[in-house]
Every structure is written in structure tokens, then in C-alpha cells.
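Visitor: Mind looking over this structure? Questions follow.
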Amino acid sequence: MIRTIFAVAVVVMATSCTDLDVDVKSKYTEYPTESEVALEAKMADVYYAFRNALGNNYNRYQAFASDEASGLSFDGDYYDGAENVNPTLHNFKAEDGPLNYWPDLASGITKCNKAIDEFGESSDELTLSYIANARVMRAFYHFILMDSYGDVPILDKLYDEGEVIERKPRKEVAEFIESELLQSIPSLSEANNAATYGKPNKWMAEALLVKLYINWAVYTCGDVTTYEAATATNTKLNDCVKYCDDIINSGLFNLEDAYREKFLYDNGVHISDFIYAMPYDCVSAQGLLYGRYRSFRKIDDGTPVGYYGGSMKNSCAGIVAMNPEFASLFSLEDDDRNNAVLGGKVFVHDPLSGEATDEPYMYKGEQLEFTKEITLKAGGEEQLNAGADANGWRQGWRSIKFYPNPSEYSLYSRNQSNDVPIFRYADILLTKAEAILRGAEATNGDTPQLLFNQIRSYVNAPLLGHAPSLQELLDERGREFFDESWRRNDMIRFGTFESEYGFHKKNFPNANFDKSRRIFPVPQNVLNENTNWKQNPGY
Numbered sequence: 001m002i003r004t005i006f007a008v009a010v011v012v013m014a015t016s017c018t019d020l021d022v023d024v025k026s027k028y029t030e031y032p033t034e035s036e037v038a039l040e041a042k043m044a045d046v047y048y049a050f051r052n053a054l055g056n057n058y059n060r061y062q063a064f065a066s067d068e069a070s071g072l073s074f075d076g077d078y079y080d081g082a083e084n085v086n087p088t089l090h091n092f093k094a095e096d097g098p099l100n101y102w103p104d105l106a107s108g109i110t111k112c113n114k115a116i117d118e119f120g121e122s123s124d125e126l127t128l129s130y131i132a133n134a135r136v137m138r139a140f141y142h143f144i145l146m147d148s149y150g151d152v153p154i155l156d157k158l159y160d161e162g163e164v165i166e167r168k169p170r171k172e173v174a175e176f177i178e179s180e181l182l183q184s185i186p187s188l189s190e191a192n193n194a195a196t197y198g199k200p201n202k203w204m205a206e207a208l209l210v211k212l213y214i215n216w217a218v219y220t221c222g223d224v225t226t227y228e229a230a231t232a233t234n235t236k237l238n239d240c241v242k243y244c245d246d247i248i249n250s251g252l253f254n255l256e257d258a259y260r261e262k263f264l265y266d267n268g269v270h271i272s273d274f275i276y277a278m279p280y281d282c283v284s285a286q287g288l289l290y291g292r293y294r295s296f297r298k299i300d301d302g303t304p305v306g307y308y309g310g311s312m313k314n315s316c317a318g319i320v321a322m323n324p325e326f327a328s329l330f331s332l333e334d335d336d337r338n339n340a341v342l343g344g345k346v347f348v349h350d351p352l353s354g355e356a357t358d359e360p361y362m363y364k365g366e367q368l369e370f371t372k373e374i375t376l377k378a379g380g381e382e383q384l385n386a387g388a389d390a391n392g393w394r395q396g397w398r399s400i401k402f403y404p405n406p407s408e409y410s411l412y413s414r415n416q417s418n419d420v421p422i423f424r425y426a427d428i429l430l431t432k433a434e435a436i437l438r439g440a441e442a443t444n445g446d447t448p449q450l451l452f453n454q455i456r457s458y459v460n461a462p463l464l465g466h467a468p469s470l471q472e473l474l475d476e477r478g479r480e481f482f483d484e485s486w487r488r489n490d491m492i493r494f495g496t497f498e499s500e501y502g503f504h505k506k507n508f509p510n511a512n513f514d515k516s517r518r519i520f521p522v523p524q525n526v527l528n529e530n531t532n533w534k535q536n537p538g539y
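Numbering (full-length UniProt numbering), first residue to last: 1 to 539.
See below:
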């Protein structure tokens, strides 16, 4: 989000509640009528129930569950009951704290249902549009639940306290999401501006359909362990392309913004690649903590204090270490995305542009150097313990994609103002390429190679001289969408989730390769509140 601050150069489902109210007269509403103000007030709780989870636990757990990163500890520091080690090794536990974002989503669904119930039966066009907004957000929250946990309840009404809630097969949940989106789209706004930013509109709903359809074979296979990427039949590929084309042909989105600029702390509605993003603000919309976990553990002790170009007065965790196999993706000549990763010798960066300067960043009299290979302390396998010293803290390359404002980080308890995209135009292009590669009918003269090279071109990377393979497409998705919480989803669809990478290797202590790990266990506190449920198979 753009800010001027810069001082330096289910019972659980029915009752869980987070205070996520927003000012209805904020920048996201353009000259509303009194009627619009009243309707918008009813929706204030609906839009942002996912904010806290996306800004921390959901994102961190998704990254560790993929080949992007490993969750390190330092002689017990940040071990935290193995909550970061477990996802790194696919040893997911129902008690893992970061996995427990289910109540946030269930609370969001309850708020949607309350809004729909309050609107009641109406033929008024404006009211119908708000009902559609609530239904789309409800579908989105169901999507995140279904993608994470498999079989989940279809919560399409308000439940009485104590009323028994049943889980539904994942396939039925996917079909419910599809139906809700298709029924709601005609009533959604086609505008893409400050009034719709961070909220559902037609394009957000269609992007969610695209994501649903490209994963259709995964979500509808019945038993997730039976999904085989090489042989799976996806009956929704042409539908996927149809909605990709609708978004492309709208002319509302493009790749004109430079890669690094899209993710800086002053991003927002002006980023033409963002179809749907979660707004954050270090003061009024807190919750984004990516910088805390991805930055050097002792960044506040270096010289100068912080390689982000300003004093970092709050400490960093430094536990998100990029796996060496994933780090190798950032080696294409002149690829702008390479500069979103810190590897090797570290230099101080310009706080405004996020680009490196010539000034070395020093720690204890030596220039900090992040190692590509991650070496654990002797005997440190169980806790992924790299050691609580300069050598341990420098293990693994680090992401600076969501570049923090040092002043905001210091003044507002590590909170950042970077908005986080959930659906991007770049994803639509690569998804259309993938759908065609998997058998969809090509449209509008587009080929996988042409679509793929649109991405390569805007980041100044070498163009591909042939049709991309699925592996090349997966690699490109890694470069383009890392840190955006989609990598686990991609790996399951492409059939690489059980591969060896990082410390997720055969014979490494506690590493798990069972296909049941394609969905997470239901959080223990959710099971405790719903005693008629059983834990997911394999847990």
C-alpha cells in the first residue's frame, strides 16, 4: 500500500472472530452514496478475514511445505516445538501453530453468511452486487480451506450454537465453489479501480475459477493419494482457457510494471499485474511480517544497521532459508527476478528502489555472505539447527521480494505496508500456457511459447526458442511466484511434491514422502470442537 511514511534515506467456525474492521471512507471507496456507505458497512468484516493468516502463518507454512525454503532453528532459538521443521520435512502435525489458520477462514465464512442473511431477499441491483461479493468471498475462503485440508464443510448458512456440522468430500466442495462463482459473476462489478481494489469483482472471481479449473483433477480425484500428474484427466481445461481469455481480453491488466517495483512497500492499486491483492498497512491494516522471517537473524547488529538501507530496530527471525535447488532457478542471464534474492556477498540496498548499492553490509567486521548450500550444526538434524552464531545465521539464500520499509519495520512492530497479490495477470498467462500444454484448445493465436515468453520478456530474461515443457513451466512459475503461497499447490499438480529437495530427502530423520501429505491434517483445536470428525487419513 502507498504510504507517505519514510523517515530514513463449526463452533469454532460460528464463534471465532477477528477485529478486521476497515474505514468505509478509506481510499478504497470512491465518493459513495449514503446507500453504498450503509451496504459497505455491512461488508466491512467480509473482505479481510484472510489478512492475518496470509501475512504470516499461512504463507510460512506453504513455503516450508514446498521446495522454496527450509525452516531453520539456531540452538533452540525459533525451534518453537518444530512448527517450522515439521512442514519442511512434510512431517505435518495437527498441533503445528502456523497450520491453524482454519478458524480465520471459518470466521470469514460466518461473516459472509451474516452479511448475506442481513441483505435478505432483494431485487435491487446494488444490493445484489453486495450479495454476490459476499458469496464470492465465501467461495474464496472455502477454496483455501479445501486446498489445504481436503474434505471440509460446505458452510452456506448460519449455524446455531451446538449444531452438528459435517465435512463434505473435496469434490463436492470444489463443485460448490464453482457453482457459487458462476452464479455470482453476472452481478459483480467489472470495474478495476480503487473502489474495487482488495475486494471481489468479476476479474477476481474469474481468476479464482482459473485456479480452481487448472487444479480440477487434483480436487476431484476422490482420494488425493491416487492423483497421478502424468495420467490425470482434467475435464475443465477448455473452461480454464475461456476464463483466462476473458481476463486477457478485458484489457485491464498488463505486465508493464517492473518486477521488483510490484512488491515494494508502496505498491497498490496502480500495479496493473494485480487482479486481486490483500491490502496491508503498517498502521491501519497490520499483519504482514514477511521481512521478519526472511531477513538476517542479527540484522540489527550489522554495519550499517540493516541491509535494507535504514536502521532496523526490531530483530529478525532469519529462519526462512531458500533451498539450494530452488535458489538455482535464479540464474538466468539478466533476469530481473534474480535481484529479489540475496545470495553470496551482501550489499546495502537503496531503501527507495530496493536495488543494491556498492556498499558492503558488514557483520562482526566481515561482509555478510549467504551460502547457497545449507549446512547444519553437527547433530542438528532433528531441529534443523544451523547454530546460533554468524555461520549458522548465514545459511541459505534469502528473499527480499517483499522489500520492507526500514522505518515502518522499526516503528510498527515489524509490520510492513506491502500489499500481497493473490491473483496476478502473469499467473493467468502461464496458466493458459499450461492448460494448452495439457490438452486445451489453443485460442486467439496464443501458443505456450508465446505466452511463456511474455513473462520472460518483461523481466528481461532470455526468451525460449521452443515450446516449454511442463518442467520448464514449473520452473518459471517458481521464479515468478515465489513467496506468493502457490508453490505447494503447483508442485502437487505437477507431480513433484514427493520429490527430494532441501532436507526433504530419503533417509533424513523425520522426512515424510507419503502421498497423504498432499493435504494437511485438520488442526487439533478444530477437531476438539467438532468431535464427530475424524482426522485426515495418514495422520
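Backbone N, C-alpha and C fix where the C-beta goes; we use that ideal spot for every residue, glycine too.
(1) Ignoring anything shorter than 4 residues, give me the alpha helix (DSSP H) runs that lie fully in the region 468-500, in order along the chain.
(2) When you compare only the Cα positions, how much space is there between I116 and T127?
(3) For a minimum of 4 consecutive residues, which ranges assigned as the alpha helix (DSSP H) are wholly contained in the region 157-222?
(4) Judging by CA-CA distance, which residue of E161, K364 and Y149 is the nearest neighbour of D223?
(5) In angstroms with no decimal places, state the Cα-to-Cα distance between W533 and P98.
(6) Using the three-state DSSP reduction, which class does D281 fall into: helix, strand or coil?
(7) Between the region 440-454 and the region 236-255, do at least 3 Cβ pairs fall closer than 8 Å?
(8) Ordered along the chain, which non-local residues of its own chain (more than five positions away) have a Cβ less than 7 Å from that of L429?
(9) What does S410 pair with, by DSSP beta-bridge criteria?
(10) Between T375 and the rest of its own chain, which residues show a CB-CB distance below 7 Å, the 5 nearest in sequence each way excluded?
(11) Between the C-alpha atoms of V320 and G120, what's the straight-line distance to the nearest angstrom?
(12) Can you tell me the Cβ-Cβ gap for P421 and E484, rounded? I've got them flagged as a contact below 8 Å.
(13) Counting beta carbon pairs with one atom in the region 306-320 and one in the region 461-475, are three or more of them shorter than 8 Å?
(14) Report the three-state DSSP secondary structure of W533 (helix, strand or coil).
(15) Given a cut-off of 8 Å on the beta-carbon distance, is the pair N100 and N525 in contact?
(16) Hey, would you say R135 sits closer than 8 Å to S184, going by beta carbons?
(17) Would you say G198 and Y47 are within 8 Å of each other, going by their C-beta atoms?
(18) Considering only the beta carbon of each residue, do I299 and G306 sit closer than 8 Å?
(19) Between G478 and the rest of its own chain, which residues show a CB-CB distance below 7 Å, the 5 nearest in sequence each way excluded?
(20) Starting from I422, trace the beta strand (DSSP E) both ways and give me its first and last residue.
(21) To which residues of the same chain is R167 closer than 8 Å at the C-beta, ignoring the five residues directly before and after it?
(22) When you compare each of S35, L352, L289 and A174 to R60 by their alpha carbons, which one comes out closest?
(23) Between F92, T431 and A49, which has its C-alpha nearest R518's C-alpha?
(24) With a CB to CB cut of under 6 Å and the five nearest residues on each side skipped, what residues in its chain are close to N215?
(25) Tell me where the alpha helix (DSSP H) around M146 begins and ends.
(26) What residue does the alpha helix (DSSP H) around V85 start on, and which one ends it?
(27) In whole angstroms, what separates the C-alpha of Y501 from that of P404?
(28) Could you check which residue in A511, A426, F64 and T496 has the C-alpha nearest to that of L252?
(29) Assign L376 to one of three DSSP states: helix, strand, or coil.
(30) Just the C-alpha distance for V346 and K364, rounded to the nearest angstrom, thanks.
(31) So S516 and G495 are in contact, right, with Cβ under 8 Å, and what is the actual spacing, rounded?
(32) Does H466 pass the burial test, meaning 16 or more other C-beta atoms within 10 Å, or should it be called exposed?
(33) Taking 7 Å as the limit between beta carbons, can you name the residues of its chain near E359, skipping five residues before and five after?
(34) Would the beta-carbon of L89 fall within 8 Å of that of N512?
(35) When you compare the CB positions of F296 and L368, do they come within less than 8 Å of one another, or not?
Guide: If we stick to the structure as given:
(1) 470-481 and 487-494
(2) 10 Å
(3) 170-184, 202-214 and 216-219
(4) Y149
(5) 21 Å
(6) strand
(7) yes
(8) L451, Q454 and I455
(9) Its beta-bridge partners do not exist; DSSP assigns none.
(10) Q395
(11) 46 Å
(12) 6 Å
(13) no
(14) coil
(15) yes
(16) yes
(17) yes
(18) yes
(19) F326, L329 and R487
(20) V420 to R424
(21) D151, V152, P153 and W533
(22) L289
(23) F92
(24) R493
(25) E125 to Y149
(26) V85 to T88
(27) 28 Å
(28) A426
(29) coil
(30) 14 Å
(31) Going by Cβ atoms, the distance from S516 to G495 rounds to 15 Å, so no, they are not a contact pair.
(32) exposed
(33) F347 and V348
(34) yes
(35) yes
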